[in-house]
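Working notes, structure below.
Residue numbers (the working numbering): -15 to 467.
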């Protein structure tokens, strides 16, 4: 090929490339124009649907964190249903409840993100296996518990299980949801431990906790029921009120027939006493009402006479003047009271031989705890801490049957027992266990519990403060009016 031919070929190629380039530029411009048109179309659609999308967001936090309307609405419906169970409307509290729901959901979401950052959501296969195994065991317990509620009586074991599981699923209780809850709880525990693992308390913290416990108990335990509930539940007592003693007892209990007879007789006796009280002490209110009725009757009669209806007034006056049935005399009431009282004493006499056996065995040297084990029908005496510490009773106690209180306070010395005490449940034989020292309990006696309380309080304070900082840093924005 000579030089002329080569130049012609190169020129031809260049011309072709130029033509192709021109065509490519034209095509690229067309594509660009089409893309811009589509972008404009999409932007228009975004603006169109933007209000609907934003309305689905009820809270925002952190970098792109969102709480969706659907999730918040479910929580609000659950709260509404809970109110409805008690015949209440949620409307008066809706705004506050919605705000609480959003704050709770944001808090949970922030905690989940923090757990992610710390790698706490990455559970090992071994941990997952343990949690699943525990969830399965709990699920089977639920199935056994609810079987009688959800399964038909004539169903086979397999069908009953299937029916129960299907019914539980309608309430959101499945093996998967239970496993998910257990995993969530486990991660929360790990996060709590990571935040508070290094928390300690100083001597000053412990002393402050002791002082607070004493002050709280002194304020709360002026109420007898609060004091007894705390003692019987095993709470640490930091302060005891005046005038209390610890007692144990053996209850010789009425059987069902005797209990029914007691209730009938005691109800009758109360009515008789009320009748006698009304006879001996007519109330001012009764007299006033009688005067008012007489005045009203007289006024009606005068009005009728004024209208010329003298006969109607006479009849009405005569009707009002008719005497009521005469009240029974005090002697008649006393006779009935004596009769019912004798029947009650006869009822207690049916229990007296066993009560006397308890007394005889105690006087013969038997340990009172062994008598409780052998004869007592009060389950409270078998539960700790009452089984060890007894019940706390004072002359002003309102927790117990008044007969029991009176019997407990009648015992002269520690280590002695009462005479048979006739109570509403049967006969009590009461043992005077110890005096309860009034005032602040010495620190040394409850030091371990005080330190544990102080540490628990410091742990809670530290964790809550840390979580509050995390939530504040996420700068949440709430839209409670969107659901």
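From the three backbone atoms N, C-alpha and C, an ideal C-beta is built for every residue, glycine too.
This one's a predicted model, so the numbers in the text were calculated from it and none came from an experiment.
Residue i, DSSP secondary structure in three states
i	result
residue 23	helix
residue 228	coil
residue 349	coil
residue 413	strand
residue 234	strand
residue 264	helix
residue 319	helix
residue 461	strand
residue 54	helix
residue 105	coil
residue 149	helix
residue 380	coil
residue 43	strand
residue 48	coil
residue 130	helix
residue 70	coil
residue 245	helix
Buried versus exposed call for residue i [16 or more other C-beta atoms within 10 Å across all chains shown]
i	result
residue 388	buried
residue 262	exposed
residue 152	buried
residue 464	buried
residue 313	exposed
residue 182	exposed
residue 193	buried
residue 236	buried
residue 369	exposed
residue 319	exposed
residue 374	buried
residue 133	exposed
residue 459	exposed
residue 197	buried
residue 381	buried
residue 405	buried
residue 256	buried
residue 60	buried
residue 200	exposed
residue 36	exposed
residue 468	This structure cannot settle anything about residue 468, because the visible part of the chain is limited to -15 through 467.
Under 9 Å between C-beta atoms of residue i and residue j
i	j	result
residue 229	residue 378	yes
residue 462	residue 40	no
residue 324	residue 383	no
residue 376	residue 215	yes
residue 468	residue 154	The displayed coordinates of the chain run from -15 to 467. Any statement about residue 468 would go beyond what the structure contains.
residue 91	residue 455	yes
residue 434	residue 220	yes
residue 395	residue 231	yes
residue 105	residue 113	no
residue 170	residue 94	no
residue 68	residue 467	no
residue 401	residue 346	yes
residue 168	residue 392	no
residue 166	residue 122	yes
residue 331	residue 242	yes
Cutoff 9 Å: residue i Cβ touching any chain C Cβ
i	result
residue 263	Looking at the structure shown, chain C is missing, and only one protein chain is on hand.
(request) Jot down the residue ranges of each uninterrupted alpha helix (DSSP H) in the segment 153 to 223, minimum 4 residues, whole runs only, in chain order. (result) 159 to 180, 187 to 204 and 208 to 217
(message) Taking 8 Å as the cut-off, does the segment 436 to 444 touch the segment 12 to 21 (at least 3 CB pairs, one atom from each stretch)?
(response) no
(request) Count the C-beta pairs between the segment 201 to 211 and the segment 224 to 235 that are closer than 8 Å, then say yes if the count reaches three, no if not. (result) yes
(request) Would you check if the segment 337 to 351 and the segment 406 to 422 touch, i.e. whether three or more CB-CB distances between them fall below 8 Å? (result) They touch, by the three-pair rule.
(message) Tell me whether the segment 51 to 64 and the segment 77 to 93 touch, counting them as touching only if at least three CB pairs, one residue from each stretch, are closer than 8 Å.
(response) yes
(message) Restricting to runs no shorter than 3 residues, where is the beta strand (DSSP E) found entirely within the segment 396 to 448?
(response) 405 to 407 and 410 to 419
(message) Taking 8 Å as the cut-off, does the segment 341 to 361 touch the segment 420 to 434 (at least 3 CB pairs, one atom from each stretch)?
(response) no
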